[in-house]
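The listed protein sequences correspond, in order, to chains C and P.
Residues in the first sequence are numbered consecutively from 233, following our numbering.
Residues in the second sequence are numbered consecutively from 1116, following our numbering.
Below is one structure; the comments refer to it alone.
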Amino acid sequence: MVSRAQMYVVIPAYNEGPVISRVVSEVKRAGYAVVVVDDGSSDATAEEARAAGAGVITHPFNLGQGAALQTGIDYAVVQGAEVIVTFDADGQHRVSDIARLAEALVQERADFALGSRFLGQAPNLPPLRRLLLHAATAFTRLTTGLQVTDTHNGLRAMTRRGAAAIRLRQNRMAHASEWLSQIAASGLRYVERPVTIEYTAYSLAKGQSLGDAVLILLDLFARRLYR
Amino acid sequence: MIAQLILSILLAGILIYAWSEYARSPAVAVLALFVATAGLYFVWVPEHSTALAELVGIGRGVDLILYVWVCLSLIVVLNLHLKLRTQMELITALARKIALADAQAPDRGREYPGSRSGMSGG
């Protein structure tokens, strides 16, 4: 069993000043090493995260969530992390779900454990967003062949070996399906576990709009055309 | 006659540009050279553009030139798009390197085994 101090929780954050400190404290209290990748925030995200005890990596300018995750993963690997967890900064994930995913890695001998709100719970999920997420899932299943139930979930755990197979090139939000296509390409074992996503007024306001979803789709199609 | 003169000057400009660009990017230079030469030819002998257009099944020479121009600009746009994306990837790699060089390590709990300091870059 991997000790929690060898588990790095990577939290990409862009202008999450009001909430980052609480999220970092909660994860730290559970015993994990926390790395916040401040993606060129203009507010005090980096200072707040640092004060709460997180390691902080600051992008010189905003590059996007995919780029922030990759930076955090690179850092964790160099620091000798055995398990790397990605976690959203807006407080919508439950810290107790981290252990669930980590256990799944060990029990199932998997290299990726993906959180799914549709196996678990997502109270207060607005109907339009539910529809959008289901559409995104259907699209990703079709294009990657992975039978997952929730493609846009920010809570994932991976082993060191799994992390080595991930190289996100989609800097912006389109990285969600890039994860899955790279997991599929790696041939490594993945499992899904139910997690709870709590939609707060804050996370809903920060979440992606329908317009973003259209942009993501365009982006993905463009990627498939040119690569 | 005036239009022909203006077009000729512009196309001659492209010829000079293609000439100066040859060392840096031969493919682009040859393409520009070819397009400008063909343009000059058709500006002064427009009947031939019409003949060529009819040969490939387009009514007028002007239309043929318009279609070719649309295709060429699409190729240019695609080329620029790919170039921009490559540049973005380079910028991302550079920014990541800088960010990792200045990384602040997390506070360690008591049970943390050993400590590795310093970054070897990624």
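For each residue, glycine too, the CB sits at the ideal point set by N, CA and C.
These figures come from a predicted structure and were not determined experimentally.
With 16 other CB atoms within 10 Å as the buried threshold, where does residue i fall?
i                  : result
tyrosine 1156(P)   : exposed
isoleucine 1190(P) : exposed
aspartate 320(C)   : buried
histidine 1196(P)  : exposed
tryptophan 1159(P) : exposed
valine 255(C)      : buried
valine 380(C)      : buried
isoleucine 429(C)  : buried
serine 253(C)      : buried
glutamate 1204(P)  : exposed
histidine 291(C)   : buried
leucine 365(C)     : buried
alanine 1118(P)    : exposed
aspartate 1178(P)  : exposed
Between the options, which has its C-alpha nearest residue i's C-alpha?
i                 : options                                           : result
valine 1127(P)    : Pro1141(P), Thr1165(P), Val1143(P) and Leu1148(P) : For the record, residue 1127(P) in the displayed sequence is alanine; it is not valine. Comparing Cα-Cα distances from alanine 1127(P) to each of Pro1141(P), Thr1165(P), Val1143(P) and Leu1148(P), the minimum goes to Leu1148(P).
threonine 376(C)  : Ala416(C), Asp343(C) and Arg399(C)                : Ala416(C)
aspartate 1217(P) : Ile330(C), Val269(C) and Asn356(C)                : Val269(C)
alanine 1151(P)   : Glu1162(P), Thr1165(P), Leu1125(P) and Ala1142(P) : Leu1125(P)
asparagine 294(C) : Thr1207(P), Pro1141(P) and Pro1161(P)             : Thr1207(P)
proline 244(C)    : Gln238(C), Gly287(C) and Ala283(C)                : Gly287(C)
leucine 1120(P)   : Thr1165(P), Gly1154(P), Gln1219(P) and Arg1211(P) : Gly1154(P)
glutamate 314(C)  : Leu363(C), Phe371(C), Ala237(C) and Glu279(C)     : Ala237(C)
alanine 433(C)    : Pro358(C), Val338(C) and Glu258(C)                : Pro358(C)
valine 242(C)     : Ala300(C), Ala284(C), Glu279(C) and Pro250(C)     : Ala300(C)
valine 234(C)     : Val251(C), Pro250(C) and Tyr264(C)                : Tyr264(C)
isoleucine 305(C) : Tyr422(C), Glu424(C), Gln414(C) and Arg392(C)     : Arg392(C)
threonine 369(C)  : Ala336(C), Met390(C), Glu335(C) and Ser413(C)     : Ser413(C)
Does any C-beta atom of chain C lie closer than 9 Å to the C-beta of residue i?
i                  : result
glutamine 1219(P)  : yes
isoleucine 1213(P) : yes
aspartate 1178(P)  : no
alanine 1151(P)    : no
asparagine 1194(P) : no
alanine 1142(P)    : no
threonine 1207(P)  : yes
methionine 1116(P) : no
alanine 1147(P)    : no
arginine 1231(P)   : Only weak support exists for where arginine 1231(P) lies, its pLDDT of 42 falling under 50; the value from the coordinates is given anyway. So yes, arginine 1231(P) belongs to the interface.
Please state the DSSP three-state secondary structure of residue i.
i                  : result
serine 348(C)      : strand
glycine 249(C)     : helix
alanine 362(C)     : It should be noted that the sequence gives arginine, not alanine, for residue 362(C). Helix, per DSSP.
isoleucine 1117(P) : helix
isoleucine 398(C)  : coil
glutamine 353(C)   : strand
glutamate 424(C)   : strand
arginine 341(C)    : coil
arginine 404(C)    : coil
alanine 370(C)     : helix
threonine 524(C)   : Nothing in the structure corresponds to residue 524(C), since chain C is present only between 233 and 459.
glycine 1128(P)    : helix
tyrosine 431(C)    : coil
valine 255(C)      : helix
alanine 262(C)     : coil
proline 416(C)     : According to the sequence shown, residue 416(C) is alanine rather than proline. Three-state DSSP puts alanine 416(C) in a helix.
alanine 276(C)     : coil
Any beta carbon from chain P within less than 9 Å of residue i's own beta carbon?
i                    : result
glutamine 311(C)     : yes
asparagine 403(C)    : yes
alanine 345(C)       : no
aspartate 306(C)     : yes
alanine 265(C)       : yes
threonine 290(C)     : yes
valine 548(C)        : Any answer about residue 548(C) is impossible in this case: the structure gives chain C only from 233 up to 459.
phenylalanine 393(C) : Correcting the residue type first, residue 393(C) is arginine in the shown sequence and not phenylalanine. False, the Cβ-Cβ gap to chain P never drops below 9 Å.
glycine 287(C)       : yes
glutamine 302(C)     : yes
phenylalanine 293(C) : yes
alanine 299(C)       : yes
valine 269(C)        : yes
- At what residue ranges does the region 290–338 of chain C contain a whole run of the alpha helix (DSSP H), taking only runs of 4 or more? 297–310
- Task: Counting only runs of 4+ residues fully inside the region 1140–1222 of chain P, write out the alpha helix (DSSP H) ranges in chain order.
- Result: 1141–1159, 1161–1171 and 1176–1216
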